[in-house]
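Numbering (the numbering used here), first residue to last: 84 to 385.
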């Protein structure tokens, strides 16, 4: 029988790629973690790791075990959270995956309002691109996440959350500042500052490039919103953000695309994963904040 503590240590080593760092994260002695990995490999009769370029890499068999370990450990965490939340939601945790742009400009007031209503609950935010969050939700590694409504698979349930326009963003001296709109061809023909792959911001640019056959000129690539803003503010490039991202920035100017593009995002969770009471409380809170008091069928995407 595999012991839970073995799986925790194995998963930590898999994530860190290093036994010493995994031991530090788990507050264990390095020899103890090394011995656990050896016991696990002996019990299973397979090699779980290869050492490549100074880093431990999962073998094919190790990758399979890691997938099982993540599901098991996530289920245990959910059980712990659910039990902790039984006493009037005075304890427990809500873990939610949020794209960086929403995490910076849309969610802070909502999260603070939720915390005010449930001061005993802790909130853990995982910041990642929508594609990464979608994969984690589908794999059972995440209970709640914000994803594109258009990408919602049958395995997830979604609560409509936000509809926001994607706009081109330019500095004060850019010729497009005073235009009513900008064409996709004109946008792609300029030097761009963009997010890395996996974020809806970048997916939109990639899709535009695919439709037009224009190879975009990417001068800057970063997931740091302040950096992208600084690049545009200094006139080195232009970018595209949700309109909300620059509403309080006097040096950056939104320009609609000639064919306006709106993103629909939803709060999603796996159909086959039982929600903790804390997670359900968060869903109910968001539903109430958006006026969806009775959760009619048209307000939930399945």
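Glycine included, every Cβ here is placed at the ideal spot set by N, Cα and C.
All values reported here derive from a predicted model rather than from experimental measurement.
Between residue 268 and residue 297, the C-beta spacing is below 8 Å. Counting along the chain, the unbroken alpha helix (DSSP H) around residue 186 starts and ends at 183 to 188. Scanning its chain for C-beta atoms nearer than 7 Å, with the 5 sequence neighbours on each side dropped, one finds around residue 223 the residues 154, 157, 353 and 356, in chain order.
Between residue 361 and residue 241, the gap from beta carbon to beta carbon reaches 8 Å or more. Taking every protein chain shown into account, the CB of residue 283 has 16 or more other CB atoms within 10 angstroms, so this residue is buried. Every unbroken stretch of the alpha helix (DSSP H) spanning 4 or more residues and falling wholly within the region 97 to 125 is given here in chain order: 102 to 109. In the structure shown, residue 300 falls within a strand segment according to DSSP collapsed to helix, strand and coil.
Here residue 133 carries a strand assignment [DSSP, helix/strand/coil].
Relative to residue 341, the option among 351, 270 and 294 whose CA is nearest is 270. Boundaries of the alpha helix (DSSP H) harbouring residue 370: 360 to 372, taken from the DSSP string.
Fewer than three Cβ pairs drawn from the region 231 to 241 and the region 251 to 267 lie within less than 8 Å of each other, which leaves the two stretches out of contact. Counting C-beta pairs with one atom in each stretch, the region 246 to 257 and the region 325 to 343 have three or more that are closer than 8 Å, which means they touch. Taking 8 Å as the cut-off, the Cβ atoms of residue 231 and residue 325 do not count as close. In the three-state reduction of the DSSP assignment, residue 145 falls in the helix class, which pools H, G and I. In this structure, the CA atom of residue 179 is about 5 Å from the CA atom of residue 227. Between the beta-carbon of residue 225 and that of residue 372 there is about 21 Å, and that puts the pair past the 8 Å contact cut.
The beta carbon of residue 198 is closer than 8 Å to those of 204 and 206 in its chain, skipping five residues each way along the sequence.
Between the alpha carbons of residue 162 and residue 148 lies a distance of about 21 Å. Counting along the chain, residue 356 sits inside no beta strand (DSSP E), nor does DSSP assign it H or E at all.
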